[in-house]
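K.L.:
Please find one structure pasted underneath; my questions will follow.
2 protein chains.
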Amino acid sequence: MASVTSSATNFLTRKVRGFFTKKTLNARLPITQWLPKYNLEMLEGDVLAGFTVGLTVIPQGIAYALVAGLDPNYGLYSSFMGCFVYTLLGSCKDITIGPTAIMAIMTHEYSGAGGPDFAVLLSFLSGLIILASGTCNLGFLITFISKPVICGFTSAAAITIASSQLKGLFGLSYEAEGFIETCELLIENIAGTRWQDITLGICCIVSLLAMRKLKDLKAVKPNASDPTGKKVLKKLVFLSSVGRNAIVVIVAAIVAFAVPENTFKLTDTVQPGLPSIEPPPFSTVVNNETYSFGDMMASVGSGVFIIPLISILESIAIASAFSGGKTIDASQEMIALGFCNIVGSFVQSMPVTGSFSRTAVNATSGVRSPAGGIVTGLLVVLALAFLTPYLQYIPQATLSAVIICAVIFMVEYEMVLPIWRTRKLDQLPLWGSFLTCLFWKLEYGIVVGVGINLALLLYGIARPKVEVTAVTRQDGDEPAYVLVEPRSGLFFPSIDHIRAVVSKAGRGTANGNMAVVIDCKHFVGVDFTAAKGIKNLCTDYEKRQQDLIFINVTPGVEQGLRAVSDKLNIVTSQLELYSSLKSASTKNLESKGI
Amino acid sequence: MASVTSSATNFLTRKVRGFFTKKTLNARLPITQWLPKYNLEMLEGDVLAGFTVGLTVIPQGIAYALVAGLDPNYGLYSSFMGCFVYTLLGSCKDITIGPTAIMAIMTHEYSGAGGPDFAVLLSFLSGLIILASGTCNLGFLITFISKPVICGFTSAAAITIASSQLKGLFGLSYEAEGFIETCELLIENIAGTRWQDITLGICCIVSLLAMRKLKDLKAVKPNASDPTGKKVLKKLVFLSSVGRNAIVVIVAAIVAFAVPENTFKLTDTVQPGLPSIEPPPFSTVVNNETYSFGDMMASVGSGVFIIPLISILESIAIASAFSGGKTIDASQEMIALGFCNIVGSFVQSMPVTGSFSRTAVNATSGVRSPAGGIVTGLLVVLALAFLTPYLQYIPQATLSAVIICAVIFMVEYEMVLPIWRTRKLDQLPLWGSFLTCLFWKLEYGIVVGVGINLALLLYGIARPKVEVTAVTRQDGDEPAYVLVEPRSGLFFPSIDHIRAVVSKAGRGTANGNMAVVIDCKHFVGVDFTAAKGIKNLCTDYEKRQQDLIFINVTPGVEQGLRAVSDKLNIVTSQLELYSSLKSASTKNLESKGI
Numbered sequence: 078m079a080s081v082t083s084s085a086t087n088f089l090t091r092k093v094r095g096f097f098t099k100k101t102l103n104a105r106l107p108i109t110q111w112l113p114k115y116n117l118e119m120l121e122g123d124v125l126a127g128f129t130v131g132l133t134v135i136p137q138g139i140a141y142a143l144v145a146g147l148d149p150n151y152g153l154y155s156s157f158m159g160c161f162v163y164t165l166l167g168s169c170k171d172i173t174i175g176p177t178a179i180m181a182i183m184t185h186e187y188s189g190a191g192g193p194d195f196a197v198l199l200s201f202l203s204g205l206i207i208l209a210s211g212t213c214n215l216g217f218l219i220t221f222i223s224k225p226v227i228c229g230f231t232s233a234a235a236i237t238i239a240s241s242q243l244k245g246l247f248g249l250s251y252e253a254e255g256f257i258e259t260c261e262l263l264i265e266n267i268a269g270t271r272w273q274d275i276t277l278g279i280c281c282i283v284s285l286l287a288m289r290k291l292k293d294l295k296a297v298k299p300n301a302s303d304p305t306g307k308k309v310l311k312k313l314v315f316l317s318s319v320g321r322n323a324i325v326v327i328v329a330a331i332v333a334f335a336v337p338e339n340t341f342k343l344t345d346t347v348q349p350g351l352p353s354i355e356p357p358p359f360s361t362v363v364n365n366e367t368y369s370f371g372d373m374m375a376s377v378g379s380g381v382f383i384i385p386l387i388s389i390l391e392s393i394a395i396a397s398a399f400s401g402g403k404t405i406d407a408s409q410e411m412i413a414l415g416f417c418n419i420v421g422s423f424v425q426s427m428p429v430t431g432s433f434s435r436t437a438v439n440a441t442s443g444v445r446s447p448a449g450g451i452v453t454g455l456l457v458v459l460a461l462a463f464l465t466p467y468l469q470y471i472p473q474a475t476l477s478a479v480i481i482c483a484v485i486f487m488v489e490y491e492m493v494l495p496i497w498r499t500r501k502l503d504q505l506p507l508w509g510s511f512l513t514c515l516f517w518k519l520e521y522g523i524v525v526g527v528g529i530n531l532a533l534l535l536y537g538i539a540r541p542k543v544e545v546t547a548v549t550r551q552d553g554d555e556p557a558y559v560l561v562e563p564r565s566g567l568f569f570p571s572i573d574h575i576r577a578v579v580s581k582a583g584r585g586t587a588n589g590n591m592a593v594v595i596d597c598k599h600f601v602g603v604d605f606t607a608a609k610g611i612k613n614l615c616t617d618y619e620k621r622q623q624d625l626i627f628i629n630v631t632p633g634v635e636q637g638l639r640a641v642s643d644k645l646n647i648v649t650s651q652l653e654l655y656s657s658l659k660s661a662s663t664k665n666l667e668s669k670g671i
Numbered sequence: 078m079a080s081v082t083s084s085a086t087n088f089l090t091r092k093v094r095g096f097f098t099k100k101t102l103n104a105r106l107p108i109t110q111w112l113p114k115y116n117l118e119m120l121e122g123d124v125l126a127g128f129t130v131g132l133t134v135i136p137q138g139i140a141y142a143l144v145a146g147l148d149p150n151y152g153l154y155s156s157f158m159g160c161f162v163y164t165l166l167g168s169c170k171d172i173t174i175g176p177t178a179i180m181a182i183m184t185h186e187y188s189g190a191g192g193p194d195f196a197v198l199l200s201f202l203s204g205l206i207i208l209a210s211g212t213c214n215l216g217f218l219i220t221f222i223s224k225p226v227i228c229g230f231t232s233a234a235a236i237t238i239a240s241s242q243l244k245g246l247f248g249l250s251y252e253a254e255g256f257i258e259t260c261e262l263l264i265e266n267i268a269g270t271r272w273q274d275i276t277l278g279i280c281c282i283v284s285l286l287a288m289r290k291l292k293d294l295k296a297v298k299p300n301a302s303d304p305t306g307k308k309v310l311k312k313l314v315f316l317s318s319v320g321r322n323a324i325v326v327i328v329a330a331i332v333a334f335a336v337p338e339n340t341f342k343l344t345d346t347v348q349p350g351l352p353s354i355e356p357p358p359f360s361t362v363v364n365n366e367t368y369s370f371g372d373m374m375a376s377v378g379s380g381v382f383i384i385p386l387i388s389i390l391e392s393i394a395i396a397s398a399f400s401g402g403k404t405i406d407a408s409q410e411m412i413a414l415g416f417c418n419i420v421g422s423f424v425q426s427m428p429v430t431g432s433f434s435r436t437a438v439n440a441t442s443g444v445r446s447p448a449g450g451i452v453t454g455l456l457v458v459l460a461l462a463f464l465t466p467y468l469q470y471i472p473q474a475t476l477s478a479v480i481i482c483a484v485i486f487m488v489e490y491e492m493v494l495p496i497w498r499t500r501k502l503d504q505l506p507l508w509g510s511f512l513t514c515l516f517w518k519l520e521y522g523i524v525v526g527v528g529i530n531l532a533l534l535l536y537g538i539a540r541p542k543v544e545v546t547a548v549t550r551q552d553g554d555e556p557a558y559v560l561v562e563p564r565s566g567l568f569f570p571s572i573d574h575i576r577a578v579v580s581k582a583g584r585g586t587a588n589g590n591m592a593v594v595i596d597c598k599h600f601v602g603v604d605f606t607a608a609k610g611i612k613n614l615c616t617d618y619e620k621r622q623q624d625l626i627f628i629n630v631t632p633g634v635e636q637g638l639r640a641v642s643d644k645l646n647i648v649t650s651q652l653e654l655y656s657s658l659k660s661a662s663t664k665n666l667e668s669k670g671i
């Protein structure tokens, strides 16, 4: 027992020491990589980008809190801690962590029993699961979600979110889930459209789209030869373009404040002040009913696994999109995301993840390091402390316009053609995940897409290409033989197919006993089932008195094959092959009495 | 509409015509292959083997009917139709279809609501599903069940079945499910052991094991120089060895008939006469309660999918074991098995599949074609018609002894070592499936084993071996470069890994800008995700102003890669590689102003 404890202690000591080696420290605390190189120029970029993202996240956070079925202030509570934590642990400079539309929908779905306490608990538990997955290096699992699946998922999510915001734009009130129900209820309720809201909403959308284009205009591009005044003007135009969400919201709020009450549907009151710092709730009371931890777990159900999964998926997908040429350390991203959710749950945050739209804003605003998150976080904290009385004047139609304009460009219709050109079969996971996401449920879409992808992959493994060539007599006296070249590894699902092809290749020879040579250069390993299959193949050929020769066998494969069959004819060179073939043909002729 | 109908008719006509081409006919009606070559010598072997199998299946069938919770006569009803149908459609001469221990356990589990009607309906529905799977060529799915998984499953099934028979051997009465519960109840009830039964049981086991050894004795081996009398004697000894089950049962029944009543626990009365030929029951009455088809379906539940799965698995596993060198046409075996179950359900058969023990008896008795099944089937029909009054004298302990002696040799402990020597990782699916089967449920064991196997396979695909070699300057003036050779295909799960290795290989070079050459000879195809990854890799290298050259690219892969990235540097020969490397190094020197 003592030795068990001591070896466990040793193991832990090694793990802890291992963590503090420089390499691990750099990988696990990416801030140690960029902070020593930090300079004033980077600071400028980070402050500008961080401020812009802050102006975007305030209205978005409020909107997403409503999507999640929570009070608006919870959106702001969720918007700052993730930024701070990611600065320390994040490895991708552009990513900004906070509330997102998809996470809000998920939170609404799984904290259905009601109340922010469920959302906060979900954030804490999701964080734990994401952190554990990252610590166990499960990041490599993310490689099984292919680009077409991500593309289908993102596009369907964008359409679902945009459609869900139409009710705010039209000034309607109904509760719908999913794309289909949203469309049905929209058509049912369309007669109740409020002209004030739709007018404001359309004005906001037009302004947002126009200002989005602004920064791409040639006239606005900075030019070294510009006089200072023109430079400042250009910078202002650029700023108003990247900060368009904030500007539209502020202007709309001023208009709403000026016009008579009830002209527009407004945001619910934002409770003033910063959230208290306290542990996440492990029991709660909703409608005079007490929920124990067990009751809460039963209520959130499978959400406790699906929310972390979607959270990881969304964040990693964004990290991949903005990585430039760099390979993502998915496990480190998961550790960072896990801590964002865990620490966030102490300031009443709902589950958070990387935001596609704000990450894009961050990148185009010239962020240089994850430190931009500090500025964003501080701005949200300031808003909570001093601006809450004014936040309630934000019209719902404006928030809907902001969200629609942010997500609609996530529909990746332009990917269909390149995917078709690269590999036609990849359309199956693309459309499989897109249609399932859109017409069934977002999370099922990923499962369906990954399922189709794996089925295609496994079918390819089970039925590898096997090239069969008849090698005829050269001008010298080399004997003729049949060359069989399986174009893939030797694994249990493919051995039956390879065996069938090799058997057929042997039977198909002119005189029925030409030697068959298997080129094993594509075999990287062998499992027991495959080794058994090769053994049976050898026995089969022995019965037929036909030669079966293996060439280009790596030592590992040879060892595996020899473990089950001792009568393998393996040659190591073309020369040895020829001499083996010759002696075989002489033997054959002798046995026939020639 | 008319054109739709006509094109559908055309399609059907083509399908039907396609079926009657010689090749398809041979594959789908294997009897057309062996019947034209049939001769007297084959007939002799088939009659002897068929008779021996018949003598074995009669007591086994009665025993398995009891395992399935049915009256003994249903075991015999299940034992003849499969033999007849398989003769027509089966492609493996040794296999004998009928009731088996595993199918009996499954039938008992899923026809739990009671009554043979459920078992017969399960046989019909299972047959339909097996037939449909075979017709859709789903046979290839069987390749995903590796040898170690089959080995773990078979061994655990053998132990489970043997342990379940101990109660008959000890003369006890209890109802247990699974290995654990059986052991618990056996220990609990052991005090009630009946000495008459255990004595008879042990005598039977000793006799069976001794007679099993008999045929392997040197003195019994046939010798051409033997006088006729000795030949006949040897043949008789051989026959008594292969027919030992029947002999033991007949002798025990005579003993039971001779001794006073109630000395031994006997078999329930076997209802005399042949089963009536009628469609399977789509509604039934059990204990005065009427079950509609829907009620029956609800009662059998997932059994309607699991029984076909296990049935296919067991039959194909046996076919693989006895195929010799031949590759199994799994789809054809499924079609045959499907018809066996469907036609069987018209004579009140429970679900049937290939029997491991009887197939072994068939093979060692020298069967020459599937026609042996006709003899077996006829013998069972004769037994039903004339021998039923005597079948009730078969003691339960004897039946238990027969089953224990048949299955105990299916524990494949001798496979552990070769699997270890071939590939140590293959122990995981072996023990995963074995332990799950033994301590949880037989059917879950297969799922767990296949899951472990696929996880190992996919991990291998996601993390392929990538060899990195620094190719230094030859004696000529070829420039030095880094050769990267991924040892596996280019699929979406592996692209991140390959990209990381290639990036690292480039950064690791001495002067930081040595060209990197990717040898693509193992790439058989490319999907969109992988093509995107390669594109990002190229962009990455372009940024670093380092050369990235692809060699040995197949046309298919090149087309896929070019669909997403236009700046690929692909060379087609070693010569072109050198000239490309030289021009690149000149360009580099120029750009550095040298």
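Residue numbers (my numbering), protein chains in the order written: chain E, 78 to 671; chain B, 78 to 671.
Built from N, CA and C at the ideal position, the CB exists for glycine as well.
1) Can you pull the chain C residues whose beta carbon is under 9 Å from the beta carbon of E/L534, in chain order?
2) For the stretch 487 to 517 of chain E, list every residue whose C-beta sits within 7 Å of some C-beta in chain B, in sequence order.
3) Going by CA-CA distance only, name the one from E/W272, E/E520, E/Q348, E/S284 that's closest to E/V326.
4) Go through its chain and collect everything with a Cβ distance to E/L414's Cβ below 6 Å, but skip five positions before and after it.
5) Can you check whether the C-beta of B/V634 is within less than 8 Å of a C-beta belonging to chain E?
6) Counting contacts by CB-CB distance shorter than 8 Å, is E/G431 in contact with chain B?
7) I need the straight-line Cα distance from E/F511 to E/F433, nearest angstrom please.
8) According to DSSP, what are the bridge partners of E/S653?
9) Please check if any C-beta of chain B sits within less than 8 Å of the C-beta of E/T101.
10) Relative to the C-alpha of B/K644, which residue among B/S353, B/I611, B/E252, B/R621 is closest?
11) What is the DSSP secondary structure of B/G320, counted as helix, strand or coil?
12) Mind checking which residues open and close the alpha helix (DSSP H) that includes B/F627?
13) Would the beta-carbon of E/V593 fall within 8 Å of that of E/L638?
14) Under 8 Å between C-beta atoms, does E/D573 make it to chain B?
15) Comparing the C-beta of E/N646 with each C-beta of chain B, is any distance below 8 Å?
16) Which bits of chain B does E/P225 rub up against, with CB to CB less than 9 Å?
17) Taking only three categories from DSSP, how would you classify B/I647?
18) Could you check whether the Cβ of E/K307 sits closer than 7 Å to any heavy atom belonging to the ligand GDP?
19) Between which two residues does the alpha helix (DSSP H) harbouring E/A547 extend?
20) Any C-beta of chain E sitting closer than 8 Å to the C-beta of B/F221?
21) E/F256: which of E/C514, E/T305, E/L112, E/V543 sits nearest, CA to CA?
22) B/I207 lies in the alpha helix (DSSP H); which residues open and close that run?
23) Give the single residue among B/L567, B/K518, B/G526 whose Cα lies nearest to the Cα of B/G537.
24) With a cut-off of 8 Å, does the C-beta of B/S155 fall near any C-beta of chain E?
P.N.:
With the given structure in hand:
1) As a matter of chain content, chain C is missing from the structure shown, whose protein chains are E and B.
2) P495, I496, R498, T499, R500, D503
3) E/S284
4) I207, S392
5) no
6) no
7) 18 Å
8) Residue identity differs from the one stated: residue 653 of chain E is Glu in this sequence, not Ser. According to DSSP, E/E653 bridges with nothing at all.
9) no
10) B/I611
11) coil
12) That residue, B/F627, is in no alpha helix (DSSP H); its beta strand (DSSP E) goes 625 to 628.
13) no
14) yes
15) no
16) F569, D604, F605, T606
17) strand
18) By its list of ligands, the structure shown contains no ligand whatsoever, and the ligand GDP lies outside what it can speak to.
19) It is not in any alpha helix (DSSP H) - E/A547 instead sits in the beta strand (DSSP E) that spans 543 to 548.
20) yes
21) E/C514
22) 193 to 212
23) B/L567
24) no
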